[in-house]
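Residue numbers (the working numbering): -3 to 836. Even glycine gets a Cβ: it sits at the ideal position worked out from N, Cα and C. The structure displayed is predicted, hence computed values, not measured ones.
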Amino acid sequence: MTANPTPTRMMRCSAGAVTVSEPLAQPGAEPPLPTARPGSALLRWLVVLLIVLAGLFQALQLQINDDALDLLPGEAVRGDLSLLQRLGLVDRLFITLTVDPDYYPSANEARAALQQGVERAGGAMAASELLAEVVYRLPPDLVRKLPQALEPYLPVLLDGQDLAALAPKLDEAGLARIMADNFNLLNSPAGMVVKRQVQHDPLGLLPPVLQKLSRLQQEHDGAMVDGFFLSEDRLSALILADSNRSLTDSRGAAEVDALLREVMAANLPTGVDWGIIGSLPHTLANYQAVQRDLRLLLPIASGLLLTMLLVALRDSRVLLVLAIPFLAAPAAIAVMGLIHGRVSALALGFGIVLIGIAVDFAVHIYLALAREEGGPRALLRRLLRPVSLATLTTAGVFVVLLFSQVPSHGQMATLALTGILLAVLFSWLLLPTLIRPRRRPPATWFTPPVLSSWGSRLLVLCLWAGLLVGGLLSWPDLQYTGDLRVLDAPDARVLADEEHFRDTWGREGEQAFIVAAAADLAQARDYNDQVYRHLQQHHGSSFQSVAPLLPGPAVQRQRLADWQAFWAARGEDFPARFRQAAAQAGFAPGAFDSFLARLTAEPRLLDAEAILTGPLRPMVSMMLRRPEEQGKDHRPAEFLLLTTAELTDTDQLPELLAWADGQPGITVLANQKWRQQVERLLRHDLAVLTSTAALLLFLLTVIFFRRPRSVLAVLAPVLSALAAMILFSRLTGGELNMMHLLMGIMVIGLSVDYGIFVVCARGERRSATTLLAVSICAASSMISFGVLAFAQHPALHSLGITVLCGIGAAWPTALLVSPVLAGKVLTTGAAAVPTGEGQG
-3 MTANPTPTRM MRCSAGAVTV SEPLAQPGAE PPLPTARPGS ALLRWLVVLL IVLAGLFQAL
57 QLQINDDALD LLPGEAVRGD LSLLQRLGLV DRLFITLTVD PDYYPSANEA RAALQQGVER
117 AGGAMAASEL LAEVVYRLPP DLVRKLPQAL EPYLPVLLDG QDLAALAPKL DEAGLARIMA
177 DNFNLLNSPA GMVVKRQVQH DPLGLLPPVL QKLSRLQQEH DGAMVDGFFL SEDRLSALIL
237 ADSNRSLTDS RGAAEVDALL REVMAANLPT GVDWGIIGSL PHTLANYQAV QRDLRLLLPI
297 ASGLLLTMLL VALRDSRVLL VLAIPFLAAP AAIAVMGLIH GRVSALALGF GIVLIGIAVD
357 FAVHIYLALA REEGGPRALL RRLLRPVSLA TLTTAGVFVV LLFSQVPSHG QMATLALTGI
417 LLAVLFSWLL LPTLIRPRRR PPATWFTPPV LSSWGSRLLV LCLWAGLLVG GLLSWPDLQY
477 TGDLRVLDAP DARVLADEEH FRDTWGREGE QAFIVAAAAD LAQARDYNDQ VYRHLQQHHG
537 SSFQSVAPLL PGPAVQRQRL ADWQAFWAAR GEDFPARFRQ AAAQAGFAPG AFDSFLARLT
597 AEPRLLDAEA ILTGPLRPMV SMMLRRPEEQ GKDHRPAEFL LLTTAELTDT DQLPELLAWA
657 DGQPGITVLA NQKWRQQVER LLRHDLAVLT STAALLLFLL TVIFFRRPRS VLAVLAPVLS
717 ALAAMILFSR LTGGELNMMH LLMGIMVIGL SVDYGIFVVC ARGERRSATT LLAVSICAAS
777 SMISFGVLAF AQHPALHSLG ITVLCGIGAA WPTALLVSPV LAGKVLTTGA AAVPTGEGQG
């Protein structure tokens, strides 16, 4: 038998049956050259750089949509929220101006300063292209013009109850009393003011109509004074405006906020302050909170991560290990842009962070090339199976996330999936051209002690089983919330402005928004009349509607019939009896001929355009949206009429929803209903996506590892991560939210990789570097993401806590439990050379 002068060692990954034989380096021999020859290395770099440059060129054309609505399930955005956007409610501004009376010698002067501030600021806002439909003061001549605008339509604006109340006043005694009162009024000090009113409306037909117009301002407490909407104490005024920029987008909100600050600084008198509620302050507060946290925490995380890597590896080349995976970012961004078009800034930023997962693979490749014995080609050949399988499982998790109903989740998944695949490919191609082996023993301070005794193994398994049981028992008590307010971070100023608004304008409870929609305005008005009648019968006076001013054709025809029947019942001699009563009261003959001519004229239907272009247009426009005013992307083209109702009882919303279900063209919107819809959709995502990801990982591990013990060993870190996250949420009384869902899926993808590398390396000489690589990867993930646990913003805090709990449990499980479950003890030293094969 011929002696083999070159020692060799055998290896078999537990997932396969391929045995690799390679020479071991002889003591004192020169370190082998990198795998790639100079020409091959240059070609690899050229190919990668071409991909990077092409991706960078395409990525520069990416359109960013920094919109908070990308965090919502698409079905919710297409449904109720779409209606709210079309109505302008999402982008509506409610601005309160308040005067401090201490700045002025009298209450009248304080109110005059307040009104001056409203006039000047409102005018400046109306002149800006950023705002539309700024309502700060009704026309000064409204009182004079309104009767003229409404008098021709009294027959269709007065309902049956109004006519019934008028009937007793039109007998002989009633007419005499009315005309005597009118004559006395004309001869009083107020006679000059009411002369025209008495002449045009001696029977008082107009006041019931004007009283119904209070429905246009029923939403808030207060009164109309000189055209200004003032609070009850006359120290605050309200300005309403619709934004032409999306206020859920931080850039649009910042533009509008800058405009408002400039306008208020230039136009408000001394002692007048302002506050705003709505989407704008919340969007800016959240954006600023996230930026503040990231500016503080990211440098800390970067410094800790770099320090950890340099101390652990004692090799400056680690900077290349970190840099190469991120070369995939431009191409990944380009692919995301080509697939999704406009993308969320959140998805872009967070997706790039997720690409950092690929650093884990680069660490394994680096340590194998730099620390293990053997030729580079053989080392890469040994890594091919675990790296391929880990890449496949990680990619599979993000493929599952592509089916999330939340648009930003799908965008993140596209970016992360493309980026990880390219990053692994780039690391595989480029690291061998840069890394030369060094004669330095692997560090062992990240590795656990060898569990050689049955007692230590049993203790570890018992502790692990306890963790799983705790997670399993906590699962039924786990609470999930889809309420996005748990991810909101309003600052003190936002909360103070909202409190002041509630105290000033009497907004305590929630509101329901009832929308009547139809392809033409006449049909929409008919639907809106149904809403009005229902609320009159079931909700008292706590609602705001435009129906009294814009009744639909069906209601108008009925009122015309009632009007004609009413006057027919008075007899053809009513004009003569009226003139007789007027003459007896002292009025000149012919004083009321114009009134009687209008009364006996053929009545006509109300022209909606006359109202929409008349003096009440600013207030009506807030409650009516034409198709062209709803944005180009909204379909179908419909007219929308809005009614708001205050929900003072818990039974009112269910009753409204049940009624609207049977009514065509009518939709009820409410925060409570919308939050329930979002929660239901997100809960569905949580159940379906996590179950699908778990099933996919299980099938992949079964296919590649086959042996039940090996499958359990690979999945052990995943089970620990899930149990730890569930147990932590249960013990702290917290509720799961959509950020837990996103990061939970990512933690599953990371955890399974730890199990794959450990199980594939069991019983081999390179196990020490594998344990070190797994430890470095876990520690880097905990540092990079876990530092967010100290963020003030609740969304970032949720991300950090999820990673700390999940990876914090998966890491020791991969090092201590997976080797025991796999049935082969991992060695932590590099001195002994095994003579047999690892078990498959």
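Item	Value
Selection from D657, P198 and L545 that minimises the alpha carbon distance to R613	L545
Collapsed DSSP secondary structure at E598 in the structure displayed	coil
Supposed close pair L636, A513 - CB separation, criterion 8 Å	5 Å
Inter-residue spacing [alpha-carbon to alpha-carbon] between P30 and P428	With a pLDDT of 45 at P30, under the threshold of 50, the predicted position of this residue should be treated as unreliable, and no value is reported.
Under 8 Å between C-beta atoms of G51 and P382	no
Closest Cα partner of F357 within the set G548, A374 and T387	T387
Buried or exposed (CB count within 10 angstroms, at least 16 for buried), R367	buried
Residues of its chain near E168, where Cβ-Cβ distance is below 6 Å and the 5 sequence neighbours each way are ignored	none
L398 vs T410 beta-carbon contact at 8 Å	yes
Expected contact under 8 Å - CB spacing of I722 and G467 to nearest Å	4 Å
Q540 - partner residues in DSSP beta bridges	T640
Assumed close pair G84, R621 - CB separation to whole angstroms, cut-off 8 Å	7 Å
Sequence-distant residues of its chain with Cβ nearer than 6 Å to A55 (five each side left out)	P326, I329 and A330
The region 263 to 281 in contact with the region 133 to 142 per 3-pair CB rule at 8 Å	no
Closest Cα partner of E115 within the set P101, A319, Y132 and L127	Y132
Sheet register partners of A666 (DSSP bridge)	A508
Counted within 10 angstroms of its Cβ, other Cβ atoms place H534 as buried (16 or more) or exposed	exposed
Identified DSSP bridge partners for V684	BP columns for V684 are empty, so no partner.
8 Å contact criterion, which M619 and L638 should meet: CB distance rounded	5 Å
Contact check, P808 vs V754, beta carbons under 8 Å	no
For R621: DSSP bridge partner residues	L636
E129 - containing beta strand (DSSP E), residue span	L127 to V131
Own chain partners of A775 with C-beta closer than 7 Å, once the 5 adjacent residues on each side are dropped	M304
Inter-stretch contact at 8 Å, needing at least 3 Cβ pairs: the region 735 to 748 / the region 682 to 701	yes
Any alpha helix (DSSP H) of 4 or more consecutive residues that is wholly inside the region 30 to 60	34 to 55
The alpha helix (DSSP H) enclosing W270, as first and last residue numbers	No alpha helix (DSSP H) contains W270, which is instead part of the beta strand (DSSP E) from V268 to I273.
Cβ neighbours of S227 in the same chain (closer than 6 Å, five flanking residues each side left out)	G218 and T500
Anticipated Cβ contact below 8 Å, L236 with L421, distance rounded	About 55 Å; that fails the 8 Å criterion.
Inter-residue CB distance, V813 and A717 (contact presumed, cutoff 8 Å)	Contact flag wrong, Cβ pair sits at about 12 Å.
Segments of 4+ residues assigned as alpha helix (DSSP H) that fall wholly inside the region 376 to 433	403 to 430
At least 3 beta-carbon pairs within less than 8 Å: the region 290 to 300 vs the region 250 to 261	no
Per-residue burial, F53 [other beta carbons within 10 Å of its own, 16 or more giving buried]	exposed
Beta-carbon proximity list for Q195, same chain, < 8 Å, skipping 5 on both sides	A587, F588, S590 and F591
Paired residues, beta bridge with S470 - DSSP	BP columns for S470 are empty, so no partner.
Span separating the alpha-carbon of V551 from that of P151	11 Å
Closest by C-alpha distance to E634, when choosing among A641, E642 and E624	E624
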